[in-house]
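Undergrad:
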Amino acid sequence: MPIQHRAFAALYETYQDQYNPAIETMDYFQSRFARPNCSYYKIVEEGHTVGLVRTTVAEDADQGWLGLIGIDPDHRGKGYGHKAMLELESLYPIVKRWVLCTVLQEPRLVAFYEKLGYKAF
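Positions 12 to 132 (our numbering) are the ones given, in order, by the sequence shown.
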């Protein structure tokens with residue numbers, strides 16, 4: 012959880028939204044983890060966790076939900092998020108459409124997803 016809190020702390024300070032992963036409690040985290048078809052992945056570099064990804068994909072679904080992707084602020088700009096998204100897409104070849112939420116007021120976040128071919132709607 013510390014990596015999740017660090018990854019989203021700046022966004023929480025800016026927007027103070029109640030759904031920000033920076034303020035998720037361990038109980039909430041565990042309830043998410045227990046949901047059917049919900050998976051968490053750590054992004055690891057040289058034995059250190061630098062980020063995480065949460066997805067929900069039903070076994071026979073052609074649509075997946077990217078619940079979150081967060082990179083520790085000390086490790087941003089090194090391609091970890093980009094590589095994680097490409098790996099995620101290859102892990103779920105049946106998924107033809109990924110749905111996600113991001114802060115559209117944050118050009119850095121919008122550019123990240125657009126570079127990967129995602130579009131806001």
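No residue lacks a Cβ here, since even glycine has one placed at the ideal position from N, Cα and C.
Fair warning: this is a prediction, and the values are worked out from it, not measured in the lab.
Output the boundary residues of the alpha helix (DSSP H) element that contains threonine 25.
TA: Here residue 25 refers to the residue found at position 14 when the sequence shown is read from its first residue. Element bounds for threonine 25: 13-26.
Undergrad: Could you tell me the boundaries of the alpha helix (DSSP H) in which glycine 92 lies?
TA: As a position in the sequence shown, residue 92 is number 81, starting the count at 1. It spans 91-102 - the alpha helix (DSSP H) in which glycine 92 sits, taken as one unbroken run.
Undergrad: So is threonine 25 buried or exposed if we call it buried at 16+ other beta carbons inside 10 Å?
TA: Taking the first residue of the sequence shown as position 1, residue 25 is located at position 14. By the 10 Å Cβ count, threonine 25 comes out exposed.
Undergrad: Can you check DSSP and say which residues form a bridge with glutamate 56?
TA: As a position in the sequence shown, residue 56 is number 45, starting the count at 1. BP columns for glutamate 56 point to His59.
Undergrad: Is it buried or exposed for threonine 36, if we count other Cβ within 10 angstroms and need 16 for buried?
TA: What you label residue 36 is simply residue 25 of the sequence shown in a count that begins at 1. Threonine 36 is exposed by the Cβ-count criterion.
Undergrad: So if DSSP puts cysteine 49 in a beta bridge, which residue, or which two residues, is it bridged to?
TA: Looking up residue 49 in the sequence shown gives position 38. Paired residue(s): Thr67.
Undergrad: Relative to the C-alpha of glycine 78, which residue among Arg46, Val61, Tyr23 is closest?
TA: Taking the sequence shown and counting its residues from 1, one reaches residue 78 at position 67. That would be Arg46, whose Cα lies nearest to the Cα of glycine 78.
Undergrad: Relative to the alpha-carbon of leucine 97, which residue among Thr60, Asp85, Ile80 has its alpha-carbon at the smallest distance?
TA: The count along the sequence shown starts at 1 and reaches residue 97 at position 86. Ranking the options by Cα distance to leucine 97, first place goes to Ile80.
Undergrad: Are tyrosine 52 and valine 61 touching if we call contact CB-CB under 8 Å?
TA: In the sequence shown, the residue the question calls residue 52 occupies position 41. In the sequence shown, the residue the question calls residue 61 occupies position 50. Taking 8 Å as the Cβ cut-off, tyrosine 52 and valine 61 do not qualify as a contacting pair.
Undergrad: What separation, rounded to the nearest whole angstrom, lies between the Cα atoms of glutamine 29 and alanine 20?
TA: Here residue 29 corresponds to residue number 18 of the sequence shown, with the count starting at 1. Here residue 20 corresponds to residue number 9 of the sequence shown, with the count starting at 1. For glutamine 29 and alanine 20, the distance between alpha carbons rounds to 12 Å.
Undergrad: In angstroms, rounded to a whole number, what distance separates the CA positions of glycine 92 and valine 55?
TA: Walking along the sequence shown from the start, residue 92 turns up at place 81. Walking along the sequence shown from the start, residue 55 turns up at place 44. Their Cα atoms are separated by approximately 11 Å.
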